[in-house]
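In this text, residue positions in the sequence shown follow this note's numbering: the first is 18, and each later residue adds one.
We put the beta carbon where it would ideally sit given N, CA and C, even for glycine.
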Amino acid sequence: MDVTISEVTFEHYHAAVSIAESAPRISWRFAGDAHNWVQHLYQVTVSIGAGPEETYRVQSADSVLVPWPARPLASGEAAIVRVRALGAGGTPTPWSADHAVRAGLQRPGDWRCSLIESPQYCTPERPKRPILFRRRFTLAPKLATALLYATGHGVYETSINGRTVGDHVLDPGWSSYRHRLAYQMFDVTSHLREGQNVIGAIVGEGWWAGRLGIHGGCRNIWGENLGFIAQIILTYADGSTEYIVTDDKWSAHVGGILVSEIYDGEVYDAREEPLGWTRADFNADGWTAVTTSSLSEIATILTPSDAPPVRRMQEISAVSISRSPTGKVLVDFGQNLVGWIRVKVQGPEGHAISFQHVEVLEHGEAGVRPLWGAKARDTLILSSQLEVWEPKFTYHGFRYVEVTGWPSHEGVPALGDLTAIVTHTDMERTGYFECSEPLLNKLHENIVWSMRGNFLSIPTDCPQRGERLGWTGDIQAFGPAATYLYRSTGLLKDWLRDLSSEQHENGGTVPPLVVPDVLCKNPIFQSRAKKAQAIWGDVAISLPWTLYSASGDSRVLSQQYRSMQSWIDQGIPRKPNNLWDISNHPQLADWLDPSAPPDDPGNGLTDGEFVANAFLIGMTNLMVKISAALDNPSDFRRYAAAEQAMREEFQSEYITRKGRVAGDTQTAIALAIYFSLFASTELQQHAGERLVEIIRGKARFKIATGFAGTPVLGHALTAVGQTQIFYRMLLHRKNPSWLYPVMMGATTVWERWDSMLPDGSINPGSMTSFNHYALGSIADWMHKVIGGLSAAEPGWRKVQVAPIPGGTLTSSKTSFNGPYGIVSSEWNIEGDEFVLQVKIPPNTSATVQLPSATALQEIGSGTHTFRCTYAKPEWPPKPNYGAFYRNSGDDDDV
Numbered sequence: 018m019d020v021t022i023s024e025v026t027f028e029h030y031h032a033a034v035s036i037a038e039s040a041p042r043i044s045w046r047f048a049g050d051a052h053n054w055v056q057h058l059y060q061v062t063v064s065i066g067a068g069p070e071e072t073y074r075v076q077s078a079d080s081v082l083v084p085w086p087a088r089p090l091a092s093g094e095a096a097i098v099r100v101r102a103l104g105a106g107g108t109p110t111p112w113s114a115d116h117a118v119r120a121g122l123q124r125p126g127d128w129r130c131s132l133i134e135s136p137q138y139c140t141p142e143r144p145k146r147p148i149l150f151r152r153r154f155t156l157a158p159k160l161a162t163a164l165l166y167a168t169g170h171g172v173y174e175t176s177i178n179g180r181t182v183g184d185h186v187l188d189p190g191w192s193s194y195r196h197r198l199a200y201q202m203f204d205v206t207s208h209l210r211e212g213q214n215v216i217g218a219i220v221g222e223g224w225w226a227g228r229l230g231i232h233g234g235c236r237n238i239w240g241e242n243l244g245f246i247a248q249i250i251l252t253y254a255d256g257s258t259e260y261i262v263t264d265d266k267w268s269a270h271v272g273g274i275l276v277s278e279i280y281d282g283e284v285y286d287a288r289e290e291p292l293g294w295t296r297a298d299f300n301a302d303g304w305t306a307v308t309t310s311s312l313s314e315i316a317t318i319l320t321p322s323d324a325p326p327v328r329r330m331q332e333i334s335a336v337s338i339s340r341s342p343t344g345k346v347l348v349d350f351g352q353n354l355v356g357w358i359r360v361k362v363q364g365p366e367g368h369a370i371s372f373q374h375v376e377v378l379e380h381g382e383a384g385v386r387p388l389w390g391a392k393a394r395d396t397l398i399l400s401s402q403l404e405v406w407e408p409k410f411t412y413h414g415f416r417y418v419e420v421t422g423w424p425s426h427e428g429v430p431a432l433g434d435l436t437a438i439v440t441h442t443d444m445e446r447t448g449y450f451e452c453s454e455p456l457l458n459k460l461h462e463n464i465v466w467s468m469r470g471n472f473l474s475i476p477t478d479c480p481q482r483g484e485r486l487g488w489t490g491d492i493q494a495f496g497p498a499a500t501y502l503y504r505s506t507g508l509l510k511d512w513l514r515d516l517s518s519e520q521h522e523n524g525g526t527v528p529p530l531v532v533p534d535v536l537c538k539n540p541i542f543q544s545r546a547k548k549a550q551a552i553w554g555d556v557a558i559s560l561p562w563t564l565y566s567a568s569g570d571s572r573v574l575s576q577q578y579r580s581m582q583s584w585i586d587q588g589i590p591r592k593p594n595n596l597w598d599i600s601n602h603p604q605l606a607d608w609l610d611p612s613a614p615p616d617d618p619g620n621g622l623t624d625g626e627f628v629a630n631a632f633l634i635g636m637t638n639l640m641v642k643i644s645a646a647l648d649n650p651s652d653f654r655r656y657a658a659a660e661q662a663m664r665e666e667f668q669s670e671y672i673t674r675k676g677r678v679a680g681d682t683q684t685a686i687a688l689a690i691y692f693s694l695f696a697s698t699e700l701q702q703h704a705g706e707r708l709v710e711i712i713r714g715k716a717r718f719k720i721a722t723g724f725a726g727t728p729v730l731g732h733a734l735t736a737v738g739q740t741q742i743f744y745r746m747l748l749h750r751k752n753p754s755w756l757y758p759v760m761m762g763a764t765t766v767w768e769r770w771d772s773m774l775p776d777g778s779i780n781p782g783s784m785t786s787f788n789h790y791a792l793g794s795i796a797d798w799m800h801k802v803i804g805g806l807s808a809a810e811p812g813w814r815k816v817q818v819a820p821i822p823g824g825t826l827t828s829s830k831t832s833f834n835g836p837y838g839i840v841s842s843e844w845n846i847e848g849d850e851f852v853l854q855v856k857i858p859p860n861t862s863a864t865v866q867l868p869s870a871t872a873l874q875e876i877g878s879g880t881h882t883f884r885c886t887y888a889k890p891e892w893p894p895k896p897n898y899g900a901f902y903r904n905s906g907d908d909d910d911v
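#1: Is the region 597-605 close to the region 551-562, with three or more CB pairs under 8 angstroms?
#2: Can you tell me where the alpha helix (DSSP H) with Gln701 in it begins and where it stops?
#3: Less than 8 angstroms between the beta carbons of Thr740 and Glu768, yes or no?
#4: Identify whether Gly879 lies in helix, strand or coil by the three-state DSSP scheme.
#5: Rounded to whole angstroms, what's the CA-CA distance from Ile475 to Val531? Just pull it up for me.
#6: When the Cα of Arg195 is compared with those of Thr320, Val362, Thr258, Gly680, which residue comes out closest?
#7: By the DSSP assignment, the alpha helix (DSSP H) with Glu660 in it spans what residues?
#8: Check whether the Cβ atoms of Thr309 and Ile22 lie closer than 8 angstroms to each other.
#9: Smallest Cα separation from Ser501: which of Ala796, Glu454, Leu734?
#10: Let's see if you can read the secondary structure: which residues bound the alpha helix (DSSP H) around Met760?
#11: At which residues does the beta strand (DSSP E) containing Arg745 begin and terminate?
#12: Which runs of the beta strand (DSSP E), 3 residues or longer, sit entirely within the region 303-371?
#13: Are at least three pairs of beta-carbons, each pair with one atom in the region 364-377 and one in the region 412-420, less than 8 angstroms apart?
#14: Three-state secondary structure (DSSP) at Ala870?
#15: Counting only the same chain and skipping the five closest in sequence on each side, list residues whose C-beta sits under 6 angstroms from that of Gly390.
#16: List the endpoints of the continuous beta strand (DSSP E) containing Met581.
#17: Buried or exposed: which applies to Lys159, given that a residue is buried once 16 or more other Cβ atoms fall within 10 Å of its Cβ?
#18: Suppose the cutoff is 6 angstroms on Cβ atoms and the five residues either side in sequence are ignored; what does the same chain contact list for Thr684 look like?
#19: Residues bridged to Asp188 by DSSP?
#20: How big is the Cα-Cα spacing for His116 and Arg99?
#21: Would you kindly work out how many angstroms separate the C-alpha atoms of Asp555 and Gly230, rounded to a whole number?
#22: Looking only at its chain, what residues have a beta carbon closer than 7 angstroms to the beta carbon of Pro125, apart from the 5 residues adjacent to it on each side?
#23: Which partner residues of Gly1 appear in the DSSP bridge assignment?
#24: Measure the C-alpha to C-alpha separation of Thr880 and Gln817 and round it to an integer number of angstroms.
#25: If we call anything under 8 angstroms between Cβ atoms a contact, is Ser828 one with Ile846?
#26: Does the region 867-880 come within contact of the region 52-60, defined as at least 3 CB pairs closer than 8 angstroms?
#27: Quick check: what's the CA-CA separation for Tyr253 versus Ala163?
#28: Report the rounded CA-to-CA distance for Ile177 versus Ser467, giving the unit in angstroms.
#29: Kindly indicate which residue of Ser334, Trp112, Gly282 has the alpha-carbon position closest to the one of Pro147.
#30: Can you round the beta-carbon distance between Met444 and Arg504 to whole angstroms, since I take them to be within the 8 angstroms contact cut?
#31: Compute the beta-carbon to beta-carbon distance between Thr637 and Glu660, rounded to the nearest angstrom, for a pair I have assumed lies under 8 angstroms.
#32: In or out: Thr72 buried (at least 16 other Cβ within 10 Å) or exposed?
#33: Please tell me whether Tyr744 and Arg750 are closer than 8 angstroms, where the distance is taken between their beta carbons.
#34: Just to confirm my understanding: we take Val172, look at its own chain, exclude 5 residues before and 5 after, and list those with CB closer than 8 angstroms. What are they?
#35: Near Ala102, what residues of its chain come up, given a Cβ to Cβ distance below 6 angstroms and the 5 sequence neighbours on each side ignored?
#36: Alpha carbon to alpha carbon, how far is Val465 from Thr764? Give it in angstroms, no decimals.
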C-alpha cells in the first residue's frame, strides 16, 4: 500500500483557527503499509492570504512539530498549507489536502471593542439571570469575509440575524480568569446580508460568577457583573475593512431563562422569551443602554485556547420509562453521561415541568444524596406552544431523570419526548482496547465514558455534584491513560498554564489543590488551600512529563519548568535530610484506600509521610530526565545528586536490610518498586515476593490501594515478574475490585471502590460519586501490558511492543493514533502458539518482545506477524491463607 499523508496539524490544535502562534509548527500523520519506509525529505507549500504559493524543500526525517518555513503570520492572517514527503527511493507521497491555519489577534491593540455590561440585571448575592445583548448595524455591498472574535465574563452564545453562530457550547470555557480569558473566532460571512443586520449575545453566569466550590461554595469569584466582548472584522472586495464592536450602541434585556447555574440547573419560562430578538425586524423598545469599560487591562489576558471547544457530541435516546416505588416517573437513558436533555412537549400556558438528574437509583428511587449541594434540576414553564427545548448554560451528570408535572393525563412522557445530549470537550479519540474478556471490555468502556464526562473544558474530578473541580490529584493519576485515549495535549497544556499562574500568585510556590483555584475564596479552605500536598502538587511535574512523553513536544516542559522548580525546590517543606516534613502539612496520601472509613477517606493504611517521600524521589527523578531533555546540565547534575541522596535516606528510614518495606501495605511496597527505591534488584525482588504474599494472603486478591497506589500497583507487579498475580486482581469481581462496579451495572468509573453497596444502597460517606476517572488509571496498564503498546521514546517515533498475556484472556487488540499515525498490537493464543500482529506507521520503528523470549526484535514500518510457543501459566493463582478462611467464597469468582 502506498504511503499517504492522512492529516496535517499545527501545534496541538484541533482546528487551527485563530491560534496564538504566528509561526506554528507543522505535523503530519502517515497512512499506508509500506515496509521500513522512512522519510528522507519533505516539501511544504504555503500560500499566505492572497499571496502566491511558495514551496519549501527540507531534507529531514522529522514529520512532527517541524518549524514553520514561511514568514510569520500577522494578526488575523490566514495561510493554506500542503505537505508531501519523500522516502529513500525518492518517490513522493501524494500531496496532502489543503489545510488552513489562521493566526489570532496577537497584540492588545488589535482589540478595538469595549467590555459591555448591564449591572441592573446582576444581583451579587443571588443567581444571575442571563442577559441578552443586541446591536443593529448596516452592511455595505460586496462583503468578502466577516470574522467574529468574541468572549465574555460568563458563558455566552451569539446569534446573527436569527441564526446561532457556531456549534460550541459553554464558551469561552473555564480558565483562571484573572490570568487567562480565552476568546473564540467564527467566520460569520454567510450569516450576514447587505443592508440591515443584527448581532445578539446571551450571557449566563457560568463559572465566572456562579456558585463554585464545596461546602456550599462561593459566588462572584471573578466578578459580580456579566459582560460581553466582541468585534466583527468586515473585509470588503476592494480590501477595505470595517469593525462592528461592542460599544455603547448595544442594548440589553432579559429573556426566558430565569436562572441558569452550573450546579443547580436552569429555569426557563417560555412565556418570557422575546421571540426573534436577534432579527432586524424585532422591536427593541424597552431595552436598556449598556455600560462600557475599556479593555486596557483585560486585553493583555485575552488569548486563543489550545483546547478544542465544548460541543454536543452525541445524542442518546431513553431506553425505558417507569414509576418508582413511590410513584415517581423515572426516565432511564441506559448510560451515565454528562450533558443535558432535550425535551419535546406541549401543554397549558404557565404549566411547569421539572427534571431531576441523578446518576443512580437507590432502592428504586432517584439517588439525590450524592449530589452534595447541587440541585441538578431543570424546570420548563410552558407557553402553550409546542416546545423543543434544552437548557443553555448548565450541565449535569446523570443516567436517570425524574420527571414531575408532565402535561398528560398519566403524567408520563413518551420515550421519544426526551433525548440526552452528551457534551464534552471535542477531543479526537486516539486510543482503543478490546480483549476476549467482556467484563474487561466493559471496564475500559466505563473508563472512556468517565473521561468524556470529566473533560469538559478542564479535567474535573466529577460532573454531577456541588463540586466539579479541577482537582490536581485526579489528573495526576489519570494523565497517562488520558493522553492515550484522547488527543488531550491542548486542553491539558491550557490547564497547566493556569496551574502555574495560580501557583505563583502573590509569590507563591505551592500548586493549588484545584485549578482554577476556587477554594481560595472559600472560608473553610482559605487556611489550607495552599498547604503542600504530595501527589496533588506533584502534578506540576508529572503531567508535563506525561504530555511530553505522548507528544514529543519539549516546549511543554519549557513552559512549565518554572512551575516545576518552584514546587520541588521551594514549595515542599523539608527536614534536614531533605525528605518531606509533613508536621504542618497533613497529607491526603493514599486517598480513598478502601480500608478508610466512609467519612474519613484519607485515613488509609499507608503512612502519609512515606507516600510523600516516595513521590518526592520519583518527581526528582523526573526532574533529572526533564533537565536532560531541556539540555540543562547544571540542573541535571543537581537533581541527580539530590535524588541519590534522598534515595539513601529513604532506604535508611523505610527499608530493612532484607528488603522489607515500612508499612507493609500494597501501596507502600508498590510505590517503592515503581519508583525503584531499593538499593539492589535483589532487594526489590524480595519486596515483590512480600507484596505477592500480602495479595494472596490477607488481601485475598482484593485491591487495597487508593489514589497513590492504584495507578502503580499493576506496573510494580509486572516489574518484579508477577503479572499473573495482577491479572488475578484485575479479574476479581467482588468488592473492592475493578470489576465489582461492572458487576453492579456501572457504566462509568466510581469514585469509591464501593460507591454502591451490594444491597443497592449508596455508600454512607458524604462524598460518593459514580463518575470519577481516577481509579480508571488501570487503563494505562491495560494498554501497555495486556495490549503491549507504549512509547519507547517521547512522541512515539519509536514504539515498544511487549504484550504479556495472562488470566483467562485468549486475545487482545489495542491501537493508538499517535503523532505519526496508527500503531496497533493484536494477539491471539491458538492452542500452544502465541500469534502477534503489529502495525507500525511509516517513518517510525518498534522494538518487539514476545512473551516467551528475552531477545528484542527491531522492526520498521508495515504489518508484521510473529509466532512463538506459549505455555499458559497455572490459573488461577491460589490464595494463601489458613483453613479457617477457605470457605469465604472470595477465591472462586474468576
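On the basis of the coordinates in this document:
#1: yes
#2: For the purposes of this step, residue 701 is taken as residue 684 along the sequence shown, with counting starting at 1. Run containing Gln701: 698-713, per the alpha helix (DSSP H) assignment.
#3: Here residue 740 corresponds to residue number 723 of the sequence shown, with the count starting at 1. Here residue 768 corresponds to residue number 751 of the sequence shown, with the count starting at 1. No, these two residues do not count as a Cβ contact at 8 angstroms.
#4: Numbered from 1 along the sequence shown, position 862 holds the residue referred to as residue 879. DSSP places Gly879 in strand when its eight states are reduced to three.
#5: For this step, residue 475 is matched to residue 458 along the sequence shown. For this step, residue 531 is matched to residue 514 along the sequence shown. Going by the C-alpha atoms only, they are around 11 angstroms apart.
#6: Within the sequence shown, numbered from 1, the residue matching residue 195 stands at position 178. Per the Cα distances, Thr320.
#7: Position 643 of the sequence shown, counting from 1, holds the residue named residue 660. 650-671 is the span of the alpha helix (DSSP H), which, as asked, contains Glu660.
#8: Numbered from its first residue, the sequence shown carries residue 309 at position 292. Numbered from its first residue, the sequence shown carries residue 22 at position 5. No, Cβ-Cβ distance for Thr309 and Ile22 is not below 8 angstroms.
#9: For the purposes of this step, residue 501 is identified with residue 484 of the sequence shown, where counting begins at 1. The question names Ser, but residue 501 is Tyr in the sequence shown. Taking only the C-alpha atoms, the option nearest Tyr501 is Ala796.
#10: In the sequence shown, counting from the first residue as 1, residue 760 sits at position 743. Looking at the DSSP string, the run of the alpha helix (DSSP H) that includes Met760 is 756-760.
#11: In the sequence shown, residue 745 corresponds to position 728, counting from 1. Note, Arg745: premise wrong, no beta strand (DSSP E); alpha helix (DSSP H) at 740-747.
#12: 308-310, 327-334, 337-340, 346-362
#13: yes
#14: Sequence index remark: in the sequence shown, residue 870 carries index 853 (1-based). Three-state DSSP puts Ala870 in coil, outside helix and strand.
#15: Numbered from its first residue, the sequence shown carries residue 390 at position 373. So the qualifying residues of the chain are Gly483.
#16: Stepping through the sequence shown from its first residue, residue 581 is reached at position 564. Where Met581 is concerned, there is no enclosing beta strand (DSSP E), although the alpha helix (DSSP H) it sits in stretches over 572-582.
#17: For the purposes of this step, residue 159 is taken as the residue at position 142 of the sequence shown. Label assigned to Lys159: exposed.
#18: Sequence index remark: in the sequence shown, residue 684 carries index 667 (1-based). The answer, listed in chain order, is Asp607, Thr623, Thr722, Ala725, Gly726.
#19: In the sequence shown, counting from the first residue as 1, residue 188 sits at position 171. Paired residues: Tyr173.
#20: The count along the sequence shown starts at 1 and reaches residue 116 at position 99. The count along the sequence shown starts at 1 and reaches residue 99 at position 82. When rounded, the distance between both Cα atoms is 6 angstroms.
#21: In the sequence shown, residue 555 corresponds to position 538, counting from 1. In the sequence shown, residue 230 corresponds to position 213, counting from 1. When rounded, the distance between both Cα atoms is 22 angstroms.
#22: By one-based count along the sequence shown, residue 125 stands at place 108. Contacts found: Ala316, Thr317.
#23: Outside the displayed range of the chain (18 to 911) lies residue 1, so it cannot be described from this structure.
#24: On the sequence shown, residue 880 is found 863 positions in, with the first residue counted as 1. On the sequence shown, residue 817 is found 800 positions in, with the first residue counted as 1. Thr880 and Gln817: Cα-Cα distance of roughly 15 angstroms.
#25: The residue given as residue 828 occupies position 811 in the sequence shown. The residue given as residue 846 occupies position 829 in the sequence shown. Contact: yes.
#26: yes
#27: As a first step, residue 253 must be located in the sequence shown, where it is residue number 236. As a first step, residue 163 must be located in the sequence shown, where it is residue number 146. Those two C-alpha atoms are separated by around 9 angstroms.
#28: Start at 1 with the first residue of the sequence shown, and residue 177 comes out as number 160. Start at 1 with the first residue of the sequence shown, and residue 467 comes out as number 450. Roughly 36 angstroms between the two C-alpha positions.
#29: For the purposes of this step, residue 147 is taken as the residue at position 130 of the sequence shown. Minimum Cα distance to Pro147 is reached at Gly282.
#30: Mapped onto the sequence shown, residue 444 falls at position 427. Mapped onto the sequence shown, residue 504 falls at position 487. At roughly 6 angstroms, the Cβ-Cβ gap stays under 8 angstroms, so Met444 and Arg504 are in contact.
#31: The residue given as residue 637 occupies position 620 in the sequence shown. The residue given as residue 660 occupies position 643 in the sequence shown. Between Glu660 and Thr637 the Cβ distance is about 4 angstroms, and since that is below 8 angstroms, they are a contact.
#32: Locating residue 72 in the sequence shown gives position 55, where the first residue counts as 1. Exposed, because fewer than 16 other Cβ atoms sit within 10 Å of the Cβ of Thr72.
#33: Taking the sequence shown and counting its residues from 1, the one referred to as residue 744 is at position 727. Taking the sequence shown and counting its residues from 1, the one referred to as residue 750 is at position 733. No, they are not a contact pair.
#34: Position 155 of the sequence shown, counted from the first residue, corresponds to residue 172. Answer for Val172: Leu187, Asp188, Pro189, Val220, Gly221, Glu222, Gly223, Trp224, Trp225, Phe410, listed in chain order.
#35: By one-based count along the sequence shown, residue 102 stands at place 85. For Ala102, where only same-chain residues beyond five positions count, the Cβ hits under 6 angstroms are Gln56, Tyr59, Thr110.
#36: Position 747 of the sequence shown, counted from the start, is the residue given in the question as residue 764. Position 448 of the sequence shown, counted from the start, is the residue given in the question as residue 465. Straight-line Cα distance between these residues: approximately 10 angstroms.
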